[in-house]
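Data block below; observations after.
In the UniProt record's numbering, the protein residues as written are 1 to 313.
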């Protein structure tokens with residue numbers, strides 16, 4: 001899976017580089033305003049599910065080096081780090097595993113945004129309490145309005161302000177309303193206002209998930225339809241300032257908080273996490289390699305790797 005992720009990172013990077021007048025990768029929150037001022041779209045790379053990291057915190061660090069700036073802890077299933085909200089077998093870690101707790105610390109240290117969409121209730125609560133940096137729910141709605149496992153319950157929403165995080169309302173029809181075919185822009189606005197009224201306008205945003213859905217809410221078929229949604233938010237009673245927060249200022253603030261945490265931890269001298277997956281098995285290869293031998297006269301009776309040659313018995 002790590003290979004697949006790296007190939008996608010490579011593809012995304014080359015795609016952006018192919019259209020230099022239209023796109024630019026943003027590596028720091030300060031890049032976004034500059035890129036926008038130059039008439040381009042600021043793009044960032046994310047990993048949806050740490051199964052893509054091969055159960056390795058070292059690979060999460062490598063992803064960051066390659067330009068990834070946020071990681072969702074799980075996708076549709078549990079992994080070595082955390083429980084998913086949609087796993088068919090149910091939770092196996094009770095939220096975060098030991099490796100998952102270490103991953104939270106390391107993501108804080110390197111400045112990787114933690115995404116809690118897709119994770120279980122217990123994982124979300126534990127992550128919000130553990131993370132020193134603001135987190136995001138990149139594409140989730142309010143469970144109180146529609147009881148779907150992918151939506152966020154009130155008890156989790158209530159922890160978001162203290163963390164400084166954000167819940168980004170998504171357009172996935174089956175997360176929007178009980179009857180998919182009846183989902184509407186009005187339902188999406190309902191979710192935005194519910195979250196804003198419960199935990200504040202500083203903690204709500206928009207996360208369409210256009211790249212990951214097979215059906216759409218009528219009237220929100222693609223990004224060209226955003227004006228309809230924004231007008232509906234204003235018509236419902238939001239101010240221009242509140243709308244600006246929903247449209248991006250809140251997300252920039254979260255990213256700035258992640259970077260500030262990274263810088264504080266660097267000043268504190270926090271060392272990289274070296275923990276490895278509890279289920280990882282180590283072994284010594286005990287075969288015989290037919291390779292060039294640095295001891296051609298066989299004075300030691302060992303092959304090139306220092307492993308005794310097999311007996312003739």
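Ideal Cβ positions, reconstructed from N, Cα and C, are used throughout, including at glycine.
When the beta-carbon positions are compared, residue 85 and residue 77 stay at least 8 Å from each other.
For residue 52, there is no enclosing beta strand (DSSP E), as DSSP gives it neither H nor E. Ranked by how close their Cα comes to the Cα of residue 114, the residues 16, 70 and 214 have 70 in first place. In the DSSP assignment, residue 231 falls outside any beta strand (DSSP E) and lies within the alpha helix (DSSP H) extending over 226 to 236.
According to DSSP, residue 137 shares a beta bridge with 167. When only Cα atoms are considered, residue 193 and residue 13 end up about 36 Å apart. Looking at the backbone, the Cα of residue 100 and that of residue 80 are separated by about 7 Å. In this structure, residue 176 and residue 217 form a Cβ contact; the two beta carbons are roughly 6 Å apart against a cut-off of 8 Å. Of the candidates 186, 246, 266 and 64, 186 places its Cα closest to the Cα of residue 219.
Excluding five sequence positions before and after residue 44, the CB atoms of its chain that fall closer than 6 Å to its own CB belong to 26 and 69, given in chain order.
About 6 Å separates the CB atoms of residue 169 and residue 141; that is less than 8 Å, so the two are in contact.
Note on residue 150: 16 or more other CB atoms within 10 angstroms of its CB, so buried under the neighbour-count rule.
Relative to residue 88, the option among 19, 160, 38 and 120 whose CA is nearest is 120. Between the alpha carbons of residue 9 and residue 59 lies a gap of roughly 13 Å.
Where residue 69 is concerned, the enclosing beta strand (DSSP E) starts and stops at 68 to 72. Residue 145 sits in coil when the DSSP states are folded into three classes, being neither helix nor strand. Rounded to the nearest whole angstrom, the C-alpha separation of residue 91 and residue 108 is 24 Å.
Nearest to residue 257 by alpha-carbon distance, out of 74, 39, 4 and 162, is 162. Three or more beta-carbon pairs separated by less than 8 Å link the region 198 to 210 to the region 248 to 267, which places the two stretches in contact. Comparing C-alpha distances from residue 2 to each of 36, 243, 62 and 15 shows the shortest one belongs to 62. Runs of beta strand (DSSP E) with 3 or more residues, each lying fully within the region 178 to 223, are found at 204 to 206, listed in chain order. Residue state for residue 24 is assigned as strand, using DSSP reduced to three classes. Within the DSSP secondary-structure output, residue 159 pairs in no beta bridge. Approximately 5 Å separates the beta-carbon atoms of residue 134 and residue 165; this is inside 8 Å, confirming the contact. Rounded to the nearest whole angstrom, the C-alpha separation of residue 240 and residue 201 is 12 Å. By the neighbour-count criterion, in which 16 or more other beta carbons inside 10 Å mark a residue as buried, residue 231 falls on the exposed side. A residue is called buried when at least 16 other Cβ atoms come within 10 angstroms of its Cβ; residue 74 meets this threshold and is buried. Residue pairing by DSSP puts residue 119 in a beta bridge opposite 84.
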